[in-house]
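Novice: Before we start, here is the structure in question, set down as structure tokens.
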Amino acid sequence: MNLGKTITEKRKLLSMTQEDLAAKLGVSPQAVSKWENNLSCPDITLLPDIANIFGITVDELLGVSKPEEKEEPVPCEPSTDSEPVYEEPEFSGKKATKLLITREYNGKVTTVKFPLTIVRFGLNLSGIFGGLTGQQANAVDNAIRTGLVGEILSVDGENGEKVTISLA
């Protein structure tokens, strides 16, 4: 099933018009029409709102299969010599809301923040496109599910680069 078809089907199940959905999301009815006809896609920040309106998860909206239905991804080896280190983050009582990926290289630090609603979708794709191995992806997924805050993985590259994945 594709995203446009899912939006159309779920909207019609709720007896909503394109105008109704557009008003709830703060977009034009033309935007909804384009999504449903696969001429464009909703902004990624709208996906949780669309899923909530339809009473489904973002995974379901995007057509991602449930873990028990999918095949185990083929692990991809990291491009560095050292294996990532997984340390169980401490539970601080504060629930994580975003995943941070921090890259340190030549004294420069770059941090990218991802909403957790999108991260789980990306974990399903990591085995397909390369990146985290099955075990590493499971470590990140388990930390997200438990709502822990702290560092999850750290990788030191042979060129002095360091990449850290943490929840905040």
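Read in order, the letters of the sequence shown correspond to residues 771 to 938 in the working numbering.
Beta carbons are placed, not taken as given, at the ideal position from N, Cα and C, and that holds for glycine.
Fair warning: this is a prediction, and the values are worked out from it, not measured in the lab.
Where are the alpha helix (DSSP H) runs, 4 residues long or more, that stay fully inside the region 775-837, in chain order?
Specialist: 788-795, 799-806, 817-824 and 828-832
Novice: Would the beta-carbon of Thr934 fall within 7 Å of that of Thr872?
Specialist: Yes.
Novice: Starting from Glu874, trace the beta strand (DSSP E) both ways and give me its first and last residue.
Specialist: Run containing Glu874: Lys868 to Tyr875, per the beta strand (DSSP E) assignment.
Novice: Of the residues Leu870, Leu832 and Leu809, which one's Cα is nearest the Cα of Ile820?
Specialist: Taking only the C-alpha atoms, the option nearest Ile820 is Leu832.
Novice: Measure the Cβ-Cβ separation of Glu806 and Thr827 and say whether it is below 7 Å.
Specialist: no
Novice: Looking only at DSSP bridge pairs, what is Val925 linked to?
Specialist: Val933
Novice: Buried or exposed for Lys780, going by 16 or more other Cβ atoms inside 10 Å?
Specialist: buried
Novice: Looking at the secondary structure, which residues open and close the beta strand (DSSP E) in which Val919 lies?
Specialist: Segment: none, Val919 is in no beta strand (DSSP E) and carries neither H nor E.
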